[in-house]
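Novice: Could you have a look at this structure, given as structure tokens, before my questions?
Chains as they are written, first to last, in my numbering: chain D, 1 to 354; chain B, 355 to 708.
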């Protein structure tokens, strides 16, 4: 589409724009009574369910870089990071409300792409898009997503329930999203240095997808339920394994032992980390944005967890006084330190452990 | 406090900052099972209740002007505009999640002021502050608030239920918030022209409060319930009476007749409008941000509504073909046109009536 055929946001105005972006949205879940179009969405949950609420912000220039983040992927990822919070509570996302603030340099077509990604995520995960707010900003693009989900009453899993001797488990593999980001940033620098350079992305599909189009592990929630396992604690890995295991240990007032050799790392992640001269385990521990699940289970569930595909046991919970320890491949025991992404500090650094 | 004693956001980091801002928050409602501190808040609502969800964004430079908006008031107002959406559905707010994105020019003390205003609103309206996200932005302050509320199952009131001959009612008085804004903008211009000029705000307390510290009319929800009145349709007045009555008529597929002489306008609002050479009825129709309730009731509830204090009957609903009409004080019948605030068009203009 040529530049002059694009539609300015001001051509439609707030109500016209919301109509345009949401006209094809129809709620499907029984728990949604009324979706978009009134002062509030109306929901109803049965007595047997607890309700989950989570909110995440995605800010241009802080959480994403428009130079390499396709708008549709951005919409998809904005939804997924919140769906992942529902999985982290042992629940499923059911409704979503979205706030988008955009500067006037964005067009209706650009916003439609973001919405298309969000709608796709809703379709795949069975979530109803039930409302929101779209407005202008003086600078950049800010996306705020709130997701409402459900969990069987009493089956919600907190960060605080881990007990000494519980097994520490992680789904999928780690560090890939961070390696994908490093590749994209490298190609951006190459392009900035010489706009004739073509981006070198071939062969890196898996880690690029981990960065640009992550998934929420609601399938693991189902698999655990099917295996009759209720985790004792759970969190999703948004800031890196190190940061998240510390959250679990601090909330549960425990220590932990994690084995470097047990960290699940994909071969491509391993190779790319090496090419950047990064120890692969460091990518897995501190990379972030993998949106895998980190959880603990009772030792009595050991046989059951072996039957769940795509889950690794990486260590065990200890008494608080034993601290949070990593056993390296050369059998050293070192402190686990959170070096996750801290948007407020704008650099990777030690997280305040209050 | 002197400038050098203020705390930079980066001194605390994301987790430290969230701890600092939320450490004194304790949930009080039975429907809140788990508040701040995990991947999601956990709620439970009984079978007898429907759940309401609403989200509003407040963007610096679009929805508020930091030069005259005290931070504590900004926090209070951010909560109230969402609480008002709950009232507009005939419900009550119960939980709130907040996303704040701030540039590095804000200090911890500034954010604490915003939070103090939000906490005050929660305390007054019986709402639990159950979670959120705080992050950095490249420019300015963006506040995103999602409120969860409750309404007796089947008692939710939509915009779409008005029927011909229903009476149109409005709570409180209109136009005051807009006059307050005009006073603040006038004094800002005077200050910019000559920084030695002291702001002339005396005697304008009522309209300044309407602009800076609005309230949500949950008391009207209670009063209607006590009077055994279930409105046929309802909306809150955020964009001006004209825009809102058009929303009700379009959603309900009706027309309406509104009488200029019945519009509730406070004497101070009237006088200040005159001083700005604005017809007071225009301030009431198009001013916005009053957060009063506009609702329709069956004619059979006429005797009951007379007993409800602070509610005026301003007209009645007609067939759709009759259009949306204002009967002026000199007995002319003119079209009601929405000229409410449209953040995307950045000027007061006709709203796309799609």
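Using N, Cα and C, we set each Cβ at its ideal position, and we do this for glycine too.
Please tell me whether residue 155/D has its Cβ less than 8 angstroms away from any Cβ of chain B.
Specialist: The residue you call residue 155/D lines up with position 155 of the first chain. It does not: the Cβ of residue 155/D has no partner Cβ on chain B nearer than 8 angstroms.
Novice: Buried or exposed: where does residue 653/B fall if 16 or more other Cβ atoms within 10 Å of its Cβ makes it buried?
Specialist: Taking the first residue of the second chain as 1, we reach residue 653/B at position 299. Counting Cβ neighbours within 10 Å, residue 653/B comes out exposed, since fewer than 16 surround it.
Novice: Residue 644/B and residue 564/B: beta carbons closer than 8 angstroms?
Specialist: Taking the first residue of the second chain as position 1, residue 644/B is located at position 290. Taking the first residue of the second chain as position 1, residue 564/B is located at position 210. Result yes, Cβ atoms of residue 644/B and residue 564/B sit closer than 8 angstroms.
Novice: Report the rounded CA-to-CA distance for residue 247/D versus residue 397/B, giving the unit in angstroms.
Specialist: Sequence index remark: in the first chain, residue 247/D carries index 247 (1-based). Sequence index remark: in the second chain, residue 397/B carries index 43 (1-based). Computed Cα separation, rounded: 22 angstroms.
Novice: Could you name the residues of the same chain whose beta carbon sits closer than 7 angstroms to that of residue 442/B, not counting the 5 residues immediately before and after it, in chain order?
Specialist: In the second chain, counting from the first residue as 1, residue 442/B sits at position 88. Hits under 7 angstroms: 588, 589, 590 and 647.
Novice: Flag this pair as touching only if the segment 497 to 506 of chain B and the segment 403 to 419 of chain B have three or more C-beta atom pairs under 8 angstroms; answer yes or no.
Specialist: Yes, the segment 497 to 506 of chain B touches the segment 403 to 419 of chain B.
Novice: For the segment 595 to 678 of chain B, which segments carrying the alpha helix (DSSP H) assignment without a break, of at least 4 residues, lie completely within its bounds, in sequence order?
Specialist: Segments of the alpha helix (DSSP H) lying fully in the segment 595 to 678 of chain B: 595 to 606, 621 to 629, 634 to 640 and 656 to 660.
Novice: Can you tell me whether DSSP reads residue 182/D as helix, strand or coil?
Specialist: Numbered from its first residue, the first chain carries residue 182/D at position 182. Looking at residue 182/D - three-state DSSP - the assignment turns out to be helix.
Novice: So residue 487/B contacts chain D; which residues on that side make the cut at Cβ distance below 7 angstroms?
Specialist: Reading the second chain from its first residue, position 133 is the one you call residue 487/B. Under the 7 angstroms cutoff, chain D gives 55, 56 and 57.
Novice: Which one or two residues does DSSP pair with residue 335/D in a beta bridge?
Specialist: Counting from 1 along the first chain, the entry for residue 335/D is found at position 335. Paired residue(s): 325/D.
Novice: Which complete alpha helix (DSSP H) runs does the segment 48 to 98 of chain D hold, if anything under 4 residues is left out?
Specialist: You should have 71 to 88.
Novice: When the Cα of residue 676/B is compared with those of 506/B, 367/B, 610/B and 431/B, which residue comes out closest?
Specialist: Residue numbering aside, residue 676/B sits at position 322 when the second chain is read from its first letter. The residue with the shortest Cα to Cα distance from residue 676/B is 610/B.
Novice: Whose Cβ in chain D lies nearer than 9 angstroms to the Cβ of residue 517/B?
Specialist: As a working note, residue 517/B is residue 163 in the second chain. What residue 517/B touches in chain D: nothing, since even the nearest Cβ is about 17 angstroms away.
Novice: Give a yes or no on whether the minimum CB-CB distance between residue 641/B and chain D is below 8 angstroms.
Specialist: Here residue 641/B refers to the residue found at position 287 of the second chain. With 8 angstroms as the cut-off, residue 641/B does not count as an interface residue toward chain D.
Novice: For residue 203/D, which of 52/D, 267/D and 213/D has the nearest alpha-carbon?
Specialist: The residue labelled residue 203/D in the question sits at position 203 within the first chain. The shortest Cα separation from residue 203/D among 52/D, 267/D and 213/D belongs to 267/D.
Novice: Can you grab the Cα-Cα spacing for the pair residue 125/D / residue 149/D, in whole Å?
Specialist: By one-based count along the first chain, residue 125/D stands at place 125. By one-based count along the first chain, residue 149/D stands at place 149. Roughly 11 angstroms between the two C-alpha positions.
Novice: So the alpha helix (DSSP H) residue 207/D belongs to, where does it begin and stop?
Specialist: Here residue 207/D refers to the residue found at position 207 when the first chain is read from its first residue. First-last of the alpha helix (DSSP H) with residue 207/D: 205 to 212.
Novice: Take residue 106/D as the anchor and find which of 121/D, 32/D, 83/D and 136/D has the nearest alpha-carbon.
Specialist: As a working note, residue 106/D is residue 106 in the first chain. Here the closest residue by C-alpha is 136/D.
Novice: Quick one: residues in its chain with C-beta nearer than 7 angstroms to the C-beta of residue 7/D, no 5 flanking neighbours on either side, listed in chain order?
Specialist: By 1-based counting over the first chain, the position of residue 7/D is 7. Around residue 7/D: 107, 108 and 109.
Novice: Any idea what DSSP makes of residue 30/D, helix, strand or coil?
Specialist: Here residue 30/D refers to the residue found at position 30 of the first chain. It is coil, neither helix nor strand.
Novice: Checking 8 angstroms against the spacing of the C-beta atoms, do residue 606/B and residue 513/B come in under that value?
Specialist: The residue given as residue 606/B occupies position 252 in the second chain. The residue given as residue 513/B occupies position 159 in the second chain. Yes, these two residues count as a Cβ contact at 8 angstroms.
Novice: I'd like the list of long-range same chain contacts for residue 718/B, defined as Cβ closer than 6 angstroms, with 5 residues on each side in sequence excluded.
Specialist: There is no way to answer for residue 718/B, as the model of chain B reaches only from 355 to 708.
Novice: Measuring only the C-alpha atoms, how far is residue 333/D from residue 474/B?
Specialist: The count along the first chain starts at 1 and reaches residue 333/D at position 333. The count along the second chain starts at 1 and reaches residue 474/B at position 120. Between residue 333/D and residue 474/B, the C-alpha separation is close to 48 angstroms.
Novice: Would you kindly report the start and end of the unbroken beta strand (DSSP E) that includes residue 490/B?
Specialist: For the purposes of this step, residue 490/B is identified with residue 136 of the second chain, where counting begins at 1. Counting along the chain, the beta strand (DSSP E) containing residue 490/B begins and ends at 482 to 490.
Novice: Can you list, in chain order, the residues of its chain whose CB lies under 6 angstroms from that of residue 402/B, leaving out five sequence neighbours each side?
Specialist: Position 48 of the second chain, counted from the start, is the residue given in the question as residue 402/B. These residues qualify, in order along the chain: 507.
Novice: Residue 12/D lies in the alpha helix (DSSP H); which residues open and close that run?
Specialist: Sequence index remark: in the first chain, residue 12/D carries index 12 (1-based). It spans 9 to 22 - the alpha helix (DSSP H) in which residue 12/D sits, taken as one unbroken run.
Novice: How many angstroms separate the CA atom of residue 213/D from the CA atom of residue 368/B?
Specialist: As a first step, residue 213/D must be located in the first chain, where it is residue number 213. As a first step, residue 368/B must be located in the second chain, where it is residue number 14. If you take the alpha carbons of residue 213/D and residue 368/B, they lie about 25 angstroms apart.
Novice: Any contact of the segment 127 to 136 of chain D with the segment 95 to 106 of chain D, i.e. 3+ C-beta pairs under 8 angstroms?
Specialist: Yes, since at least three Cβ pairs between the segment 127 to 136 of chain D and the segment 95 to 106 of chain D fall closer than 8 angstroms, the two stretches touch.
Novice: Taking all protein chains shown into account, do 16 or more other C-beta atoms lie within 10 angstroms of the C-beta of residue 663/B, making it buried, or fewer, making it exposed?
Specialist: As a position in the second chain, residue 663/B is number 309, starting the count at 1. Exposed, because fewer than 16 other Cβ atoms sit within 10 Å of the Cβ of residue 663/B.
Novice: Is there at least one Cβ from chain B nearer than 8 angstroms to residue 27/D's Cβ?
Specialist: Translated into positions along the first chain, residue 27/D becomes position 27. It does not: the Cβ of residue 27/D has no partner Cβ on chain B nearer than 8 angstroms.
Novice: My output table needs one value for residue 111/D: the three-state DSSP class, helix, strand or coil.
Specialist: Taking the first chain and counting its residues from 1, the one referred to as residue 111/D is at position 111. Residue 111/D: helix per DSSP, three-state reduction.
Novice: Could you work out which residues of chain D lie near residue 492/B, taking near to mean beta carbons separated by less than 8 angstroms?
Specialist: Residue 492/B sits at position 138 when you count from the first residue of the second chain. Result: 59, 60, 61, 62, 139 and 140.
Novice: Out of curiosity, what's the CA-to-CA distance linking residue 58/D and residue 78/D?
Specialist: Residue 58/D sits at position 58 when you count from the first residue of the first chain. Residue 78/D sits at position 78 when you count from the first residue of the first chain. Between residue 58/D and residue 78/D, the C-alpha separation is close to 7 angstroms.
Novice: Kindly list, in the order they appear in chain B, the residues whose Cβ is closer than 8 angstroms to that of residue 236/D.
Specialist: Here residue 236/D is taken as the residue at index 236 of the first chain, counted from 1. Correct list: 393.
Novice: Return the CA-CA distance between residue 629/B and residue 617/B, expressed in angstroms with no decimal places.
Specialist: Residue 629/B sits at position 275 when you count from the first residue of the second chain. Residue 617/B sits at position 263 when you count from the first residue of the second chain. Distance between the alpha carbons of residue 629/B and residue 617/B is about 19 angstroms.
Novice: Assuming residue 574/B is part of the alpha helix (DSSP H), what are its boundary residues?
Specialist: Counting from one through the second chain, the residue named residue 574/B turns up at place 220. It spans 572 to 580 - the alpha helix (DSSP H) in which residue 574/B sits, taken as one unbroken run.
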